[in-house]
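Asker: Would you mind keeping the following structure in view while I ask a few things?
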Ligand SMILES: Cc1ncc(COP(=O)(O)O)c(C=O)c1O
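Put into structure tokens, the structure is as follows:
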């Protein structure tokens, strides 16, 4: 086979361990997964009710245009329907953008540590990659500007950033966008947008008129609690969306996913509730970290990046044995830390108890 050469340097995505696997391995009755930033409150009850009563023409190809969902999102964001692109998760939109723009001749800029799919896709397309380390826990947007060259085609911005949870203040983001040449696409990945409580965040979709070279990514996987349906969307100028649509597979979102996402959009109260509950639980982690004198990144998301005593893999294994699956920072580019998805009150109480045992074991 004549594989792209770069594939020999890459590994397939390795999903975290499932709760069933961990239960068996450690003989536990109960295991809580706080590793993939899913919504611990599930999805809106209106969506669950809709699903139990629904029948659909499953033998018919999906509506590749996502007509109903498109109309609802256009209204919600006050944009033209032609400004929206759907993906099989925002993961797929990252692939579509990369496939449409990147090749061996171009250069792309991204933060590190950040969401790994930007670098993963750029590598496959053969683009030159510049990764800009976070500075003081944040995107160093001045360094982003400094890294631009005449081949730069895409700048990836993860806001708030995964795995740190940090948010870029609105004025910093706007002043950055003013300095980016308009032939460079700026991707604003806002997978955790619905969880942000800091009032100083950008109303990014409203910025598209002023900065037509940006595209905003959102997802139904996080606050909407619909990760298994694989549906995300992008909002950008219709010129950009038209080009990306040429790369998109015709039926990339299935009928059920589109219907469910459309239903979920009717329940703003559920999203508000999740934002509030998550923010209250996030405070508990903050208080815990400050009481125990361990470093935790300031988070505007539904996860926290917390310092651990000793090696992060060892700490993750310890928490696993106590029934809590978290992500080791060793796999995220943040050694010495674990990323914990903020769960329900009860789940967090258990996690923090296990974390206290970990600290005691390490004499902290
Ligand atoms: C920053 C960020 N972007 C995009 C995604 C992909 O989300 P999905 O493909 O489920 O929409 C994730 C998932 O964890 C993420 O953390």
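Numbering (our numbering), first residue to last: 190 to 553. The beta carbon of each residue, even a glycine, is placed where N, CA and C say it ideally should be. Bear in mind the structure is a predicted one, so any value in this text is a computation, not a measurement.
1. Is residue 226 near ligand 1, with its Cβ less than 7 Å from a heavy atom?
2. Does any heavy atom of ligand 1 sit closer than 7 Å to the C-beta of residue 467?
3. Going along the chain, which residues of its own chain have a beta-carbon closer than 7 Å to the beta-carbon of residue 477, five neighbours each way excluded?
4. Alpha carbon to alpha carbon, how far is residue 544 from residue 210?
5. Determine contact between the region 355 to 362 and the region 325 to 345, defined as no fewer than three beta-carbon pairs at a distance below 8 Å.
6. Would you grab the beta carbon distance between residue 425 and residue 403 for me? Rounded to a whole angstrom, and I think it's under 8 Å.
7. Residue 296 lies in the beta strand (DSSP E); which residues open and close that run?
8. From this set, 341, 385, 336, which residue's C-alpha is nearest residue 132's C-alpha?
9. For residue 175 and residue 411, which I take to be in contact (beta-carbon distance under 8 Å), what is that distance rounded to the nearest angstrom?
10. Given a threshold of 16 other Cβ atoms within 10 Å of its Cβ, counted over all protein chains shown, does residue 484 qualify as buried or as exposed?
11. When the Cα atoms are used, what is the spatial distance from residue 480 to residue 498?
12. Any heavy atom of ligand 1 closer than 7 Å to the CB of residue 380?
13. By alpha-carbon positions, which one of 286, 269, 228, 398 ends up nearest to residue 433?
14. For residue 299, count neighbouring C-beta atoms within 10 Å of its own C-beta (all shown protein chains included) and say buried if the count is 16 or more, exposed if not.
15. Counting only the same chain and skipping the five closest in sequence on each side, list residues whose C-beta sits under 7 Å from that of residue 468.
16. Given this structure, state the Cα-to-Cα distance separating residue 271 from residue 456, to the nearest angstrom.
17. Bridge partners for residue 516 per DSSP, in chain order?
18. CB residue 378 to CB residue 304, shorter than 8 Å?
19. Taking a contact to mean a Cβ-Cβ separation below 8 Å, would you say residue 171 touches residue 453 in this structure?
20. Can you give the Cα-Cα distance for residue 275 and residue 449, rounded to whole angstroms?
21. Say the cut is 7 Å; is the CB of residue 347 nearer than that to a heavy atom of ligand 1?
22. Output needed for residue 245: all residues of its chain with C-beta closer than 8 Å, excluding positions within five of it in sequence on either side, in chain order.
23. Quick check: the Cα distance between residue 518 and residue 249, rounded to an integer number of angstroms?
24. Compare the C-alpha of residue 515 against each of 331, 223, 217, 306 and name the closest.
25. If distances are taken between C-alpha atoms only, which option among 295, 388, 413, 500 comes closest to residue 451?
26. Looking at the strands, I want to know which residues DSSP matches up with residue 322.
27. Taking the alpha carbon of residue 335 as the reference point, which residue from 530, 321, 342 has its own alpha carbon closest?
28. Quick test of your reading: residue 531 and residue 471, contact by CB under 8 Å. State the CB separation rounded to the nearest angstrom.
29. Can you tell which of 277, 282, 396, 442 has the C-alpha that lies nearest to the C-alpha of residue 362?
30. Should residue 146 be listed as close to ligand 1, given that the test is whether its C-beta is under 7 Å from any heavy atom?
31. Is residue 190 helix, strand or coil when you go by DSSP?
Answerer: So, to answer that:
1. yes
2. no
3. 541
4. 21 Å
5. yes
6. 7 Å
7. Membership of residue 296 in the beta strand (DSSP E) is indicated by the continuous run 296 to 301.
8. In this structure the chain extends from 190 to 553, so residue 132 is not present and cannot be described.
9. Since the first and last residues shown for the chain are 190 and 553, residue 175 lies out of range.
10. Residue 484 comes out exposed.
11. 15 Å
12. For ligand 1, at least one heavy atom lies less than 7 Å from the Cβ of residue 380.
13. 286
14. buried
15. 386
16. 24 Å
17. 528
18. Yes, the Cβ-Cβ distance between residue 378 and residue 304 is below 8 Å.
19. Only positions 190 to 553 of the chain appear in the structure, and residue 171 is not among them; the question remains open.
20. 14 Å
21. yes
22. 444, 445, 448
23. In this model, residue 518 and residue 249 are separated by some 44 Å (Cα to Cα).
24. 223
25. For residue 451, the closest C-alpha among the options 295, 388, 413, 500 is that of 413.
26. 301
27. It is 321 whose Cα lies nearest to the Cα of residue 335.
28. 6 Å
29. 396
30. The displayed coordinates of the chain run from 190 to 553. Any statement about residue 146 would go beyond what the structure contains.
31. coil
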